[in-house]
Every structure is written in C-alpha cells, then in structure tokens.
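Everything in the sequence shown is counted per our numbering, starting at 32 for the first residue and increasing by one.
Comments concern the structure below.
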Amino acid sequence: MKRVVLCCLLAAAAYPAAQTPKYGVTVTADKNVDFAAFKTYSWTQGQPSAVKAINAQVVAAVDRELGALGMSKSTSGPGDVMVAYYSLTRTDVNVDAKADVQGKRPEYSVGTLVVAFLDPATRHRMLRLRNDKPIETEPGKLEAAIDSAVSELFAKYPTRQKK
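This is the structure in structure tokens:
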C-alpha cells in the first residue's frame, strides 16, 4: 500500500513539472558531420515568418552569423549545406499565477525559431538549432529580439562548443 501511495505522489509531483515549458536553445547535430568543413551555403524553403519584415530580419541575422563562421552564400548552385529556418509563435499562460478578477492568468508571447542545415544531395537534416523564448512583440524591440535569438542559436554551433 505504501508503494502505491508513493507512486501516486511521485506521479502527481511529476505532472506539473512536465507541463512547465522549457525555454532556451537546444541543438540536435549529426555526430558524423564535420561542421568545420562547410564553406558555402544556400537557402532553401522552410517555414518562414508570414511577416515580410520579420522574415528579412531573420535571414539577415542568420547570414551574419554564417559569415562569422567563415561561410559565404553560394552564388551559383547549392552550397556545401542548405539552410532553412522555421518560426512560429504561441501564447503561454502562467497557470501558477493567481487569476485576476475576470479569471484570467498572465499570458505572454513565446517565439520558436529553428535553423536547420540540410545535406544538398539528400535533404537529410544534419543540424537543428532551436530557440524557444518569450519575445517582445513591440515593433521597436522586435529586431533586437530576433538578433538576440539568432545569436543565441549560433553560440551553440558545433564548432563553437568545447570538445
């Protein structure tokens, strides 16, 4: 009986922890790829922002980071690697906060930005850099938020990590 009660208590404690969103950068890299060998890249279709200004800011920020890695955009044909980005926004609700008089809890926008590196021949994903974080939606602060999110992604690029 004690074992059943203990299991129920552990499950009840684990449930809220499983519901807590995780923010920050996650990296999924193919361990058989030499990322230092990439010298050129070309863009391919991902799931870009529907807002053209945001799309242009993300592409420019990624181009800057790839340039800092010593890569250049291929002028003809596919590069050593194909790059795509995917973005989405969602609204998170702080279920732990006290509800206001109307029964609403605090809400905030969260952006997810993924930059993927694909093999040009097979389109196999070799690298996925993902950043989930609360975002500023005010127009004056959005560009800085995009630059920050992209910089955080590329700080985790495999050749920048300690071996």
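Cβ coordinates follow ideal geometry from the N, Cα and C atoms, glycine included.
| field | Secondary structure of Lys83, DSSP reduced to three states | value | Here Lys83 sits in helix by DSSP.
| task | Check each candidate in Leu158, Glu169 and Tyr117 and name the one with the smallest Cα separation from Ala81. | result | Its Cα nearest to that of Ala81, the residue Tyr117 stands out among Leu158, Glu169 and Tyr117.
| query | Would you report the Cα separation of Ala175 and Ala84, rounded to the nearest angstrom? | reply | In a straight line, the C-alpha of Ala175 is about 13 Å away from that of Ala84.
| field | Enclosing alpha helix (DSSP H) for Ala180 [first to last residue] | value | Element bounds for Ala180: Pro170 to Phe185.
| message | Measuring straight from C-alpha to C-alpha, what distance separates Phe69 and Lys135? | response | Distance between the alpha carbons of Phe69 and Lys135: 49 Å.
| request: Leaving aside the five residues before and after Pro79 along the sequence, list all residues of the same chain whose C-beta is less than 6 Å from its C-beta, in chain order. | output: Within the same chain, Asn86 come within 6 Å of Pro79 by CB-CB distance, once the 5 residues on both sides are set aside.
| Residue range of the beta strand (DSSP E) that includes Asp123 | Counting along the chain, the beta strand (DSSP E) containing Asp123 begins and ends at Val112 to Val124.
| query | Looking at the unbroken beta strand (DSSP E) that takes in Ser105, where does it start and where does it end? | reply | First-last for Ser105: undefined, no H or E at that position.
| In or out: Met32 buried (at least 16 other Cβ within 10 Å) or exposed? | Interpretation of Met32 is limited by its pLDDT of 49, a score under 50 that renders its predicted location unreliable; the figure taken from the coordinates is listed afterwards. Residue burial is scored here from C-beta neighbours: Met32 has fewer than 16 other C-beta atoms within 10 angstroms and is therefore classed as exposed.
| message | To the nearest angstrom, how far is the alpha carbon of Pro151 from that of Val89? | response | Going by the C-alpha atoms only, they are around 21 Å apart.
| Can you list, in chain order, the residues of its chain whose CB lies under 8 Å from that of Lys187, leaving out five sequence neighbours each side? | The residues are Val56, Val58 and Leu160.
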